[in-house]
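Residue numbers (our numbering): 48 to 282.
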Ligand SMILES: [Zn+2]
Ligand SMILES: [Zn+2]
């Protein structure tokens, strides 16, 4: 718990350092760079989601037992089984399973605590990248637009699964509603298009990149990739 708080705090301080540098060196290109970073984070959320949805689960790991479990998911039996099965997977396989598991039970994502949603993204990607930008700021004259781009990319990327979770939750903090109003975050109705078919609209931040990713999805499917068999574990 303390370790998680410290990691989150370090990341937020790193982001604050980038934001401060971006404001101090702001120029004409800062606003377009902020928007480009937000777009890039959205695209990253969509590409990773698309790959994880369709990447087949490793067979023989007993994942079908927990995926298709019909009893209560709060039961002792399920919890023990789930823990044991997940322990056999590497981080990549676990994330992939979580994405698939999200489709039949979308609301569970909305009930997860913040760290469960963003922890692995912060540890594996956002924090090391943020600290690298901080180091560059200390050693080099980094232009304001580059810091603006890095800020919105890292903020949007790190909290992508939190934003996704907010789409499956009724009660959200005020800023989620405000960001939806100005188009910086998508609405639950827009995200529902993904859950309706699992073949479109994979991006879950603002959705700006969905037209591009939808075209990419169609092109890959036409070439035989992203087979629907990968959407569920088989054994
Ligand atoms: Zn999906
Ligand atoms: Zn969803």
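Where is the CB? At the ideal position from N, CA and C, for every residue including glycine.
Measuring alpha carbon to alpha carbon, tell me which residue in the options is nearest residue i.
i	options	result
residue 48	131, 260 and 161	161
residue 29	167, 159 and 125	Since the first residue shown for the chain is 48 and the last is 282, residue 29 is missing from the structure and cannot be characterised.
residue 194	205, 58 and 78	78
residue 192	98, 122, 76 and 272	76
residue 172	207, 225, 158 and 148	207
residue 238	95, 252 and 119	252
residue 278	60, 244 and 198	244
Would residue i and residue j qualify as a contact pair, given that the criterion is a beta-carbon distance under 8 Å?
i	j	result
residue 107	residue 282	yes
residue 223	residue 55	no
residue 203	residue 73	no
residue 91	residue 144	no
residue 210	residue 84	no
residue 165	residue 205	yes
residue 58	residue 240	no
residue 141	residue 133	yes
Just to check my reading of the structure: residue i and residue j have Cβ atoms closer than 8 Å, yes? What is that Cβ distance to the nearest angstrom?
i	j	result
residue 201	residue 177	5 Å
residue 148	residue 61	Wrong, their Cβ atoms sit about 31 Å apart, outside the cutoff.
residue 97	residue 260	6 Å
Is any beta-carbon of chain C found at less than 8 Å from that of residue i?
i	result
residue 255	Among the protein chains of the structure shown there is no chain C, as only one such chain exists.
With a threshold of 8 Å, are at least 3 pairs of Cβ atoms found where one atom belongs to the segment 149 to 156 and the other to the segment 207 to 227? yes
Just to confirm the assignment: which complete alpha helix (DSSP H) runs, minimum length 4, are found wholly within the segment 77 to 164? 77 to 101, 110 to 114, 123 to 134, 138 to 149 and 154 to 158
Check whether the segment 178 to 194 touches the segment 244 to 254, counting contact only when three or more Cβ pairs, one atom from each stretch, lie closer than 8 Å. no
I'd like the ranges of any alpha helix (DSSP H) spanning at least 4 consecutive residues and lying wholly in the segment 178 to 249. 191 to 205, 207 to 213, 221 to 228 and 235 to 244
Does the segment 224 to 240 come close enough to the segment 100 to 118 that 3 or more CB-CB pairs lie under 8 Å? no
Quick one: any contact between the segment 96 to 105 and the segment 61 to 70, if contact means 3 or more CB pairs under 8 Å? no
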